[in-house]
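So the sequence shown is numbered by numbering that gives the first Met the number 0: it starts at 0 and just counts up by one.
Each residue gets a CB set at the ideal place from its N, CA and C atoms; glycine is no exception.
These figures come from a predicted structure and were not determined experimentally.
Here the structure comes first, spelled out in structure tokens, and everything after it is commentary.
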Amino acid sequence: MRDALARKHHRQQALLRVVSQQRLSTQADLVRALRGAGFAATQATVSRDIVELGLVKVARNGAHIYAPPTAVASGGGTERLRKFCEDYPVEGRTAGNLVVLRSPPGTANAMAIALDTSALAEIVGTVVAPRTKH
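Pasting the structure below:
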């Protein structure tokens, strides 16, 4: 069990390194990069690692690439939220006294960070849920 946890930790650290150093747009790109770094990985493993590490997709030079959560624009406040809404389409609907926002796949964590750091009094917190297929 300890060996499995150690392998997972090393794989996830390698994943953080590769997304910091390379422009990787898809989970298949992440799998190839990890395999190139000597880690056996599958798409399912990478998908779980993305969630656990909080990787986000960010817009860079016209492409959306994976990045560590720290790569989201710093500074917080409404500026971060404004920037997010300029970069990504966001849909909103009300459900009772809740507002449900939908963003493109891979961007929910970044949107939650932007909302949480916006300091808008009306926002008490965010819940990020995986997108379900219809």
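Could you check the C-alpha separation between residue i and residue j for me, to the nearest Å?
i, j, result
"A3", "E51", "16 angstroms"
"L143", "V18", "Because the chain is modelled from 0 through 133, residue 143 falls outside the range shown and cannot be assessed."
"A111", "L100", "10 angstroms"
"V89", "R47", "24 angstroms"
"A5", "V30", "19 angstroms"
"D144", "T106", "Outside the modelled stretch of the chain, which goes from 0 to 133, sits residue 144, for which no answer is possible."
"C84", "M0", "43 angstroms"
"V123", "G91", "17 angstroms"
"G95", "R34", "47 angstroms"
Would residue i be called buried (16 or more neighbouring beta carbons within 10 Å of its own) or exposed?
i, result
"Q20", "exposed"
"Q12", "exposed"
"V57", "buried"
"T44", "buried"
"R10", "buried"
"L97", "exposed"
"N153", "Outside the displayed span of the chain (0 to 133) sits residue 153, for which this structure offers no information."
"T93", "exposed"
"H8", "exposed"
"V55", "buried"
Need the endpoints of the beta strand (DSSP E) that residue i sits in, please.
i, result
"L97", "L97 to R101"
"A107", "Run containing A107: none in the beta strand (DSSP E); it sits in the alpha helix (DSSP H), A107 to D115."
"A118", "No beta strand (DSSP E) holds A118; DSSP gives it neither H nor E."
"T93", "E90 to A94"
Span of the alpha helix (DSSP H) holding residue i?
i, result
"A3", "R1 to Q20"
Is there a C-beta anywhere in chain C that falls below 8 angstroms from the one on residue i?
i, result
"A5", "Given the protein chain composition of this structure (a single chain), no chain C is represented."
Cβ pair count under 8 angstroms reaching 3, the segment 114-121 against the segment 25-40:
Short answer: they don't touch.
For the segment 74-92 and the segment 23-35, state whether three or more C-beta atom pairs, one from each stretch, are separated by less than 8 angstroms.
No, the segment 74-92 does not touch the segment 23-35.
Continuous alpha helix (DSSP H) assignments of at least 4 residues falling wholly in the segment 22-85
Listed in chain order, they are 26-35 and 42-52.
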